[in-house]
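Structure, as structure tokens:
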């Protein structure tokens with residue numbers, strides 16, 4: 030089946046530094062990928078839609094200059110959290126829509142802790 | 006504002022019982038409906054999807070859809086402790102983003 034590989038699975042960084050999260054589609058091409066954030070005991074919140082070869086579309090309230098998204102190829106999308114702060118600590122998950130609208134497949138998620 | 010609502014739970018059922026999870030949605034144009042299971046600290050995994058009114062069965066799971074009532078449910082028969090997780094309902098129209106519900110925490114008691 031379709032697999033989305035996400036790395037790293039967890040990262041701890043110092044406040045003010047930047048962290049890059051990678052999301053790869055392993056056996057299919059994903060022209061669109063989605064980035065979600067999930068705080069403890071809350072549901073998934075869509076942050077942005079990543080489009081191959083063009084600018085990402087950000088949801089209202091998400092700072093595009095803080096959460097940089099690059100989708101340079103059909104199999105790779107990256108999310109960079111710039112100048113991270115403790116309030117950015119969260120579970121970040123990428124996903125891609127499988128052809129035929131059979132739902133999303135999710136990456137394994139990245140637990141970010143900013144200290 | 007498109008909304009998907011679920012009872013947050015926790016819903017507690019004894020092992021072997023039927024767990025019933027409910028979801029309502031506001032957008033009448035919604036066309037596809039999904040149930041995901043999420044274990045703590047893990048990503049969601051797809052359990053079932055349903056497009057048409059009625060029931061769809063897959064093993065111990067049955068999804069039920071009633072578009073007139075804007076209601077979709079998931080039944081888990083013979084519940085097991087390993088079914089304890091948060092269940093997310095997701096709704097979308099073709100070509101548009103998914104809208105996720107807040108999830109229902111299910112606890113299956115041995």
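Residue numbers (the working numbering), protein chains in the order written: chain A, 30 to 144; chain B, 6 to 115.
Cβ atoms here follow ideal geometry from the backbone N, Cα and C, with glycine treated the same way.
In this text the structure is predicted, and so the values were computed from the model without any measurement.
Along the chain, where does the beta strand (DSSP E) that runs through residue i open and close?
| i | result |
| --- | --- |
| residue 42 of chain B | 37-43 |
| residue 88 of chain B | Neither: residue 88 of chain B is in no beta strand (DSSP E) and is coded neither H nor E. |
| residue 103 of chain A | Per DSSP, residue 103 of chain A belongs to no beta strand (DSSP E) and is neither H nor E. |
| residue 115 of chain B | No beta strand (DSSP E) holds residue 115 of chain B; DSSP gives it neither H nor E. |
| residue 77 of chain B | 76-81 |
| residue 50 of chain B | 50-55 |
| residue 25 of chain B | 24-30 |
| residue 114 of chain A | Run containing residue 114 of chain A: none; DSSP gives neither H nor E here. |
| residue 40 of chain A | 39-42 |
Please state the DSSP three-state secondary structure of residue i.
| i | result |
| --- | --- |
| residue 137 of chain A | coil |
| residue 60 of chain B | strand |
| residue 19 of chain B | strand |
| residue 92 of chain A | coil |
| residue 8 of chain B | coil |
| residue 120 of chain A | strand |
| residue 34 of chain A | strand |
| residue 69 of chain B | strand |
| residue 97 of chain B | strand |
| residue 103 of chain B | coil |
| residue 33 of chain B | coil |
Residues in the same chain with beta-carbon distance under 8 Å from residue i, minus the five sequence neighbours each way, listed in chain order, please.
| i | result |
| --- | --- |
| residue 36 of chain B | 56, 97, 98, 99 |
| residue 50 of chain B | 41, 42, 43 |
| residue 112 of chain A | 45, 46, 47, 95 |
When you compare the CB of residue i with every CB in chain B, is at least one pair closer than 8 Å?
| i | result |
| --- | --- |
| residue 133 of chain A | yes |
| residue 137 of chain A | yes |
| residue 104 of chain A | no |
| residue 68 of chain A | no |
| residue 13 of chain A | Past the boundaries of the shown model lies residue 13 of chain A; chain A is included only from 30 to 144, so the question cannot be answered. |
| residue 41 of chain A | no |
Distance cutoff 8 Å, beta carbons only. Does residue i sit that close to anything in chain A?
| i | result |
| --- | --- |
| residue 27 of chain B | no |
| residue 49 of chain B | yes |
| residue 58 of chain B | no |
In its own chain, which residues sit with a C-beta less than 6 Å from the C-beta of residue i, not counting the 5 before and 5 after it?
| i | result |
| --- | --- |
| residue 60 of chain A | 81 |
* Which runs of the beta strand (DSSP E), 3 residues or longer, sit entirely within the stretch 50-93 of chain A? -> Listed in chain order, the beta strand (DSSP E) runs fully inside the stretch 50-93 of chain A are 61-67, 74-80, counting runs of at least 3 residues.
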